[in-house]
Amino acid sequence: MGGPWLLAGSLAAAYGSFDNSRFVFLPGFGSGTGVFDSDSSMTFVAGRMRAGYEFAFPRWYIRPQVDLDLVHANAPGFRERGLASYALDVQGSIHTSVIVSPTVEIGGRFTLDDAVLRPFLSAGVSFNSNDSRVVKSRFVGAALQDGTFQTYLNSPAVLGNVAAGVTFYAANGVEAKAEYTLSAGDSFLAQQGSLRFAYHF
Numbered sequence: 001m002g003g004p005w006l007l008a009g010s011l012a013a014a015y016g017s018f019d020n021s022r023f024v025f026l027p028g029f030g031s032g033t034g035v036f037d038s039d040s041s042m043t044f045v046a047g048r049m050r051a052g053y054e055f056a057f058p059r060w061y062i063r064p065q066v067d068l069d070l071v072h073a074n075a076p077g078f079r080e081r082g083l084a085s086y087a088l089d090v091q092g093s094i095h096t097s098v099i100v101s102p103t104v105e106i107g108g109r110f111t112l113d114d115a116v117l118r119p120f121l122s123a124g125v126s127f128n129s130n131d132s133r134v135v136k137s138r139f140v141g142a143a144l145q146d147g148t149f150q151t152y153l154n155s156p157a158v159l160g161n162v163a164a165g166v167t168f169y170a171a172n173g174v175e176a177k178a179e180y181t182l183s184a185g186d187s188f189l190a191q192q193g194s195l196r197f198a199y200h201f
């Protein structure tokens, strides 16, 4: 959309297949160690909508925006191979989250002879509607009436996000971009840095 308003959307999908090995240190094994192998998979589908408004000034701008993410993950069940007394039969799990992320970005534009420099800094918060996934399992050799035990996979309900970067455009078509992002929450910290080069012809 043109003008100061920004409206955008995206879709993403991914599939992963995994070979797993779990080591168990318990009596009953000749070496004291048992290895249980399994094959698992996961399907991931996500959609994002973004709405923003840019307040433009002669050499800089401020852009408040909000992202709305819908994330769906499906992990089918799987069974470990090994001694039935310790091998796990893991049930499938489905997890869906809605994430709302308001953000404010501040950036500038500086002309350097035959080049343009565009630095930016953004800060925001992400609110996750479903921050816990429950996986139910039982031992392969256990009776159905024995029930299952549950494993809780927790993620932060609230994340603080910071990003900073700079893009360099040269008149000869060379473009370079450096960016650093950080997300932090309760017992969670993720950092990422990237450097990209491009040539336009």
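FYI, this note's numbering numbers position 198 of the sequence shown as 198, with every residue one higher than the one before it. Don't be surprised by glycine CBs; every beta carbon is placed ideally from N, CA and C.
For residue i, the nearest candidate out of the options (CA to CA)
i	options	result
W5	F127, D37, S40, G52	G52
A13	L195, N74, R109	N74
H95	L189, N20, H72, G147	H72
F201	A190, V174, A178, L189	V174
A84	Q150, A143, A198, S10	A143
R59	F197, I106, K136, V158	I106
K203	Q145, N130, T167, D186	Residue numbering for the chain in the displayed model covers 1 to 201; residue 203 lies beyond these limits and cannot be assessed.
L112	S38, A170, S101	A170
G185	A115, N154, A198, F57	N154
G16	D146, F44, F25, G34	F44
S203	V135, D69, R81	Because the chain spans 1 through 201 in this model, residue 203 falls outside it and cannot be assessed.
Q65	S137, L117, G124	G124
S93	S40, Q191, V135, L195	V135
Residue environment, residue i, which counts as buried when at least 16 other CB atoms sit within 10 Å
i	result
A8	exposed
S126	buried
V206	As displayed, the chain neither begins before 1 nor continues past 201, which places residue 206 out of reach and without an answer.
L281	Residue 281 cannot be examined here, being either before or after the span of the chain that is shown, 1 to 201.
N128	buried
Pairwise C-alpha distance: residue j and residue i
i	j	result
F78	N172	55 angstroms
P156	G165	25 angstroms
D67	M49	6 angstroms
V100	F149	32 angstroms
M42	T103	30 angstroms
L159	R133	17 angstroms
V140	L121	52 angstroms
Neighbourhood of residue i by C-beta, 6 angstroms cutoff - its chain only, sequence neighbours within 5 removed
i	result
G193	Y180
P119	G108, V166
E54	P4, Y61, R63
S183	L159, N161, A190
Whole-angstrom C-beta distance between residue j and residue i, which should lie under 8 angstroms
i	j	result
F23	Y86	Actually they are not in contact, since the Cβ atoms of F23 and Y86 sit about 11 angstroms apart, beyond 8 angstroms.
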